[in-house]
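Structure record follows, encoded as structure tokens.
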Amino acid sequence: MQIRRRNPNPKVNSGEVEYRSKIPNTEPNNILEEIIWYKEVEVEGMRDRLPLLQLREQVQDVAPPLDFLAALRHCQTDLALIAEVKKASPSKGVIKADFNPVAIAKAYAEGGASCLSVLTDSKFFQGSFDNLSLIRAEVDLPLLCKEFIIYPYQIYYARAQGADAVLLIAAVLENKDLNYFVKITKALGMTPLIEVHTLEELDRVLEIPGVELIGINNRNLEDFSVSLQTTTDLLTARKEMLEQRDIMIVSESGLHTATDLNTVKQAGAKAVLIGESLIKQDDLVQAIRRLRGA
-13 MQIRRRNPNP
-3 KVNSGEVEYR
7 SKIPNTEPNN
17 ILEEIIWYKE
27 VEVEGMRDRL
37 PLLQLREQVQ
47 DVAPPLDFLA
57 ALRHCQTDLA
67 LIAEVKKASP
77 SKGVIKADFN
87 PVAIAKAYAE
97 GGASCLSVLT
107 DSKFFQGSFD
117 NLSLIRAEVD
127 LPLLCKEFII
137 YPYQIYYARA
147 QGADAVLLIA
157 AVLENKDLNY
167 FVKITKALGM
177 TPLIEVHTLE
187 ELDRVLEIPG
197 VELIGINNRN
207 LEDFSVSLQT
217 TTDLLTARKE
227 MLEQRDIMIV
237 SESGLHTATD
247 LNTVKQAGAK
257 AVLIGESLIK
267 QDDLVQAIRR
277 LRGA
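Structure representation (structure tokens):
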């Protein structure tokens, strides 16, 4: 899948590097492309309100990030859990009507999550960076900023709000951008989680130096179909290479039961990212324990 960029300008100066944008047709091909086109406008507005130079000064005053990758690797169980704080999605609408991000994050921590993922997109997922900063103030677990990142500005903004890791989506970013964004993320002391869905994307990501954490999304972002076979197929194809390079794999989406977790664990995943099947439960602590078969 290739996500086109809407910005018709031949150059977009991020303050860090110049990006050349492709001129697409007038309508997005899928929901992910629609989100990315909206992000281009949204980030432009963010820059107007808070220029990059001022943002970078703010970052210097933030407490050092927690080690997201180490928290996953040193998990007390054989499959680390990244529990997601998520109110809604484009495909399902509102998932958690009674949404208290801090209370949810605390319950996840009590249930034994290794790390948390916080949706920060407001238009499509009803999330916010405010949720991220509120959780950072109350919970000691490492936090992943679950955002659709297309500019370095968003990485700095995530760090300023207390994020310890950021999501980088291979379907959205070309390798030159992924390579640069990984360097920025690590320079800030954060962990990049690079998400793939196809073998082609995985092979692209494996060309990037310094990659340590890859997420395999079992959800097809074009049609939203889900299959755990995606994790199995990609790990079967590249498991030896991933193990040789000590790259940790996170299986994402479509995980509802202890059996599902065992399926991706047997395939070779060392962590899972779970949102919808947890967030809709009334007792989040017990929901995590049931997932672990306890």
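Numbering of the sequence shown is given in the working numbering, commencing with residue -13 and proceeding in unit increments.
The beta carbon of each residue, even a glycine, is placed where N, CA and C say it ideally should be.
Can you find the residues in the same chain that come closer than 8 angstroms, C-beta to C-beta, to residue i, ignoring five residues on each side of it along the sequence?
i	result
L127	L52, A57, A91, Y94, A95, A99, S100, C101 and L102
A(-12)	Note that residue -12 is Gln in the sequence shown here, rather than Ala. Cβ within range, chain order: A157.
What would DSSP say about residue i, mapped onto helix, strand or coil?
i	result
S7	Summary for S7: the model assigns pLDDT 46, below 50, so the residue's position carries little reliability; its value from the coordinates is reported in the next sentence. In the structure shown, S7 sits in coil (DSSP, three-state: anything other than H, G, I, E or B).
L52	coil
D268	coil
V125	coil
G240	coil
L102	strand
G79	strand
I141	helix
L130	strand
I21	helix
L58	helix
R170	Per the sequence shown, residue 170 should be read as Ile rather than Arg. Three-state result, I170: helix.
I235	strand
S0	Bear in mind that a pLDDT of 44 at S0, under 50, signals an unreliable position, so the number given afterwards is only what the model happens to contain. DSSP places S0 in coil when its eight states are reduced to three.
By Cβ distance, which residues of its chain are closer than 7 angstroms to residue i, with the 5 residues on each side in sequence left out?
i	result
S0	Here the model assigns S0 a pLDDT of 44, short of 50, so the residue's position is not dependable and the matter cannot be decided.
K162	none
Can you give me the start and stop residues for the beta strand (DSSP E) that residue i sits inside?
i	result
M227	First-last for M227: Q215 to Q230, but that is the alpha helix (DSSP H), not the beta strand (DSSP E).
P178	T177 to V182
N203	L199 to N203
I260	A257 to I260
V158	Premise fails: V158 is in no beta strand (DSSP E) and is neither H nor E.
Going by the CB atoms, is the gap between residue j and residue i shorter than 8 angstroms?
i	j	result
P282	L120	There is no way to answer for residue 282, as the model of the chain reaches only from -13 to 280.
L159	K132	no
V191	A156	yes
V250	L214	yes
K78	I265	no
T177	D150	yes
I180	I141	no
H242	S263	yes
Q147	L118	yes
E28	R(-9)	no
I260	A69	yes
At what residues does the alpha helix (DSSP H) containing residue i begin and finish?
i	result
L67	It is not in any alpha helix (DSSP H) - L67 instead sits in the beta strand (DSSP E) that spans A66 to V71.
L153	Element bounds for L153: not the alpha helix (DSSP H) but the beta strand (DSSP E), A151 to I155.
V212	Neither: V212 is in no alpha helix (DSSP H) and is coded neither H nor E.
P87	P87 to G97
Q319	The shown model of the chain, from -13 to 280, leaves out residue 319, and the question about it has no answer.
E13	Note, E13: premise wrong, no alpha helix (DSSP H); not H, not E.
R278	Note, R278: premise wrong, no alpha helix (DSSP H); not H, not E.
D47	That residue, D47, is in no alpha helix (DSSP H); it is neither H nor E in DSSP.
R190	L185 to V191
Apart from the five residues just before and just after residue i, which ones in its own chain have a Cβ nearer than 6 angstroms to its Cβ?
i	result
A253	T217, T218 and L221
N165	I194
E124	V88
F167	L154
When you compare the CB of residue i with every CB in chain B, is at least one pair closer than 8 angstroms?
i	result
T177	Here chain B cannot be found, since the structure has a single protein chain.
Under 7 angstroms: does the beta carbon of residue i sit that close to some heavy atom of the ligand ADP?
i	result
S100	Ligands displayed in this structure: none; no statement on the ligand ADP is therefore possible.
Sufficient close CB pairs (3 or more, under 8 angstroms) joining the stretch 38 to 50 to the stretch 233 to 252: No: the two stretches stay apart, fewer than three of their Cβ pairs being nearer than 8 angstroms.
Cβ contact (3+ pairs, closer than 8 angstroms) linking the stretch 65 to 74 and the stretch 108 to 116: Yes, the stretch 65 to 74 touches the stretch 108 to 116.
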